[in-house]
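I have placed the structure first, in the form of structure tokens, so that the comments after it can refer back to it.
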Amino acid sequence: MSIRLLWAVLFMCAFTAVASTGGSGCQQSTREDVEDDEVGPEGSGPYAADVKEVTREIIQNLKDKKISRNFRARWDDAPIVALIRPQNDTRFPEVTDFFQEDMLTALMNEFTREEFRFSQRASDVQEAVSAEKEAKEAGERTDRTGRRTKLGADFFLRAKFTQLSRTDGNEEDDTIKYSYELIDTETDELIFKGSHDIRRVSTSKVIYR
Amino acid sequence: MQMFKTGLLLALVVACTGCQSVYDADEAMRQGGWQKVMTDTQVVEKFPERDQTLILNYRAHAKMALGYHDSARADYLRAWNIMNIGKGGGVADAMIFKERMKFWMGDPYERAYNSWYLGMLYYNAGKREDAIACFRNALFVDTGDLEAGQYAADWLPAFMMRIRCFLDRGDKQRAQEMLDEVNRLPREIANFDPNCPWLTLDAHLDSNVVMMIELGKGPYFTAEGHHGSTRATNQGEYAESSCEVFVNGQSLGQAYKIGDTFFQAITRGGRVMDDILKGKAIAKTATIAVGASAMHVGRVLATSGGNSATRTAGVVTLAVGAGLLIAGLLSDPEADTRGNVLLPGETHMLLAKLPPGTHQAELRFFDANGGEIRRMRQTGIEFTVPEQGDTTLLLRSDPNYVLPRSAAEAAKDPYAGTPQPK
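Read top to bottom, the protein sequences are chains Z and F. Residues 1 to 209 (the numbering used here) are what the first sequence spells out, left to right. Residues 1001 to 1422 (the numbering used here) are what the second sequence spells out, left to right.
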């Protein structure tokens, strides 16, 4: 009986040690809701759900302030908006591209061309458009009369992500302020400015300092 | 008795399998340089899960060194996510058995380097907003609990590149704020050269070329003290101590030290794990002693020729003693000595203003006595200064980094044409 007990102890020790020397090598993935921040690794940085929350708030602001209606009443044309690439002053990369794409797509989905028109100001597109225009002007490519000018924006929509970070080595506490503003490009008047703060705290295990 | 011996042997085997050596990147570099490291680490999954983040950093570094910047960036980003968001793993094993059974997440300076390299790759790819976030994170992980009087960020390379990012945005005010922060740091010669002339806004505004030049080998860890429970940080050995830069045959002067990896590694205070390991070392000795004593007493009782109850008590004592002995043998207080051995010893910086166009740089490295180390001389480093903005080069003394000459080169698949590993 005692010998069996001894072997059981030995077996358990051996199993634990061997099992902990590496992973099983199995991988699996599941499809999850983009806005579900309860699944996946937990961190104090921005989640897709946070960015989408801000995107919705900006769109709501454009509606609430009746930007399109007022502009059309005055100029009888849809305002042209250029989405300026956001400034990222957080410690988390990738959020800029994700926000830019998400915001632009949401704007295009939300508004018709009669309500808002959007100017693509991405630097690579600007370069390509300039090259195309040069080719047209040189007669190397066809063009349609009256369409030689790039869209001048009536408004700049600009976002900035700033952050207040604190850590005591065990916890990371990050508050990210997603601020955004709509600027009249003729007068530099601030039409509206808003911000959305999201605070997340994550813990790390003590043996990882 | 034979079964006990077999059991102990098994326990020793198990203890040894639990501490198999991590990939020896140092030896790989000696054998075949960056190419060998990149080839060896092609399949990260073949390494123990606990070492994979370290391997990922090695692979990213080798790819970056060979000019495969896009692929390196993907690896660094994956490692960044694990090192900054991941919770690690193998913690219970590390507590009970051996520290190195926990998942490697890197020390603060190793995390700072991960963010720094990722930032440099973003910066050179034109993704300045991602770059500035990485440089900020490099400073964040380099900062402790300030209210508790712990360390503040003092690694200048990340500050310097944040300044370049702010200037790229046209934000001189923030750039100046960064410089003010740098100029408030103690002028500690072990950390950076106090005579560095690049710590003013004018110096930055008046330059369109930034050269970050890495010298020597970074620190490495050894396990010392009682049962190896103390982790010692050792300075890497290297001969080069300064670098002079020539462009198109003309000397631009010396690059100035702005970062010292060993200094960063030793100025981070103690680890919580150090105390745990010391406790484990004491417990290990005590457990082995008690276990061996109990086994001896148990054996005497079991073979004493007494009645059945005495013999049973002897066997039980023997078994408990064996259990304690095995537990003591399996419990290993040796400190985790895994570390990123591919990091440089120092980072030097040079700022210059050059006319737009293509230029050829030459680097000459000198030892502490001012004598040139001829084998390290690097010539024909081609780079282009744009009409607007700046160009930033990341270079290394030995073995040197290859700079991609175009975006297409930077985007090349590092394993193109090599057989798919099984």
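Backbone N, C-alpha and C define an ideal beta-carbon position, used for all residues, glycine too. Every value quoted in this text rests on a predicted model; they were computed, and no experiment measured them.
| Check | Outcome |
| --- | --- |
| Paired residues, beta bridge with residue 165 of chain Z - DSSP | Z:174 |
| Within-8 Å CB hit, residue 21 of chain Z to chain F | Annotation note: pLDDT 47 at residue 21 of chain Z (below 50); position unreliable, no value reported. |
| CB contact check: residue 1133 of chain F to chain Z, cutoff 8 Å | yes |
| Bridge partner(s) assigned by DSSP for residue 1259 of chain F | F:1347 |
| Minimum Cβ-Cβ distance from residue 25 of chain Z to chain F less than 8 Å | Confidence is the limiting factor: at residue 25 of chain Z the pLDDT is only 45, short of 50, which leaves the residue's position unreliable, though a coordinate-based value still follows. At least one chain F Cβ lies under 8 Å of residue 25 of chain Z. |
| Coarse secondary structure for residue 1388 of chain F, derived from DSSP in three states | coil |
| For residue 33 of chain Z, the three-state DSSP class (helix, strand or coil) | coil |
| Touch test, the segment 1303-1319 of chain F against the segment 1072-1079 of chain F, Cβ-Cβ under 8 Å, three pairs minimum | no |
| Residue 1090 of chain F vs residue 1102 of chain F beta-carbon contact at 8 Å | yes |
| Delimiting residues of the alpha helix (DSSP H) encompassing residue 1032 of chain F | 1025-1040 |
| Sheet register partners of residue 1233 of chain F (DSSP bridge) | F:1221 |
| Cα-Cα separation between residue 1199 of chain F and residue 1125 of chain F, rounded to whole angstroms | 25 Å |
| Residue range of the unbroken alpha helix (DSSP H) whose run includes residue 1181 of chain F | 1172-1184 |
| Bounding residues of the alpha helix (DSSP H) (the contiguous stretch that carries residue 1326 of chain F) | 1308-1330 |
| Chain F contact residues for residue 94 of chain Z, given Cβ-Cβ distances below 7 Å | 1130 |
| Identity of the residue in F:1207, F:1056, F:1099, F:1212 nearest residue 1223 of chain F by Cα | F:1099 |
| Cβ-Cβ distance between residue 1244 of chain F and residue 1364 of chain F below 8 Å | yes |
| Neighbourhood of residue 26 of chain Z by C-beta, 6 Å cutoff - its chain only, sequence neighbours within 5 removed | Only weak support is given to the placement of residue 26 of chain Z: the predicted model assigns it a pLDDT of 49, under 50, and the question is left unresolved by the model. |
| CA nearest to the CA of residue 200 of chain Z, picked from Z:165, Z:188, Z:191, Z:179 | Z:165 |
| First and last residue of the uninterrupted beta strand (DSSP E) at residue 191 of chain Z | 190-203 |
| Cutoff 8 Å; reference residue 40 of chain Z; Cβ partners in own chain excluding five residues on either side | 32 |
| For residue 184 of chain Z, the residue or residues it bridges with in DSSP | Z:155 |
| 8 Å Cβ cutoff, residue 30 of chain Z in contact with chain F | no |
| Beta-carbon spacing of residue 966 of chain F, residue 1167 of chain F below 8 Å | Nothing about residue 966 of chain F can be reported from this structure: the residues present for chain F run from 1001 to 1422 only. |
| Residues within the segment 1096-1116 of chain F neighbouring chain Z, beta-carbon criterion of under 7 Å | 1097, 1101, 1102, 1105 |
| When F:1377, F:1343, F:1347, F:1405 are compared against residue 1114 of chain F, the one with the closest alpha-carbon | F:1343 |
| C-alpha distance - residue 1297 of chain F paired with residue 1317 of chain F, whole-angstrom precision | 7 Å |
| For residue 1365 of chain F, three-class secondary structure by DSSP | strand |
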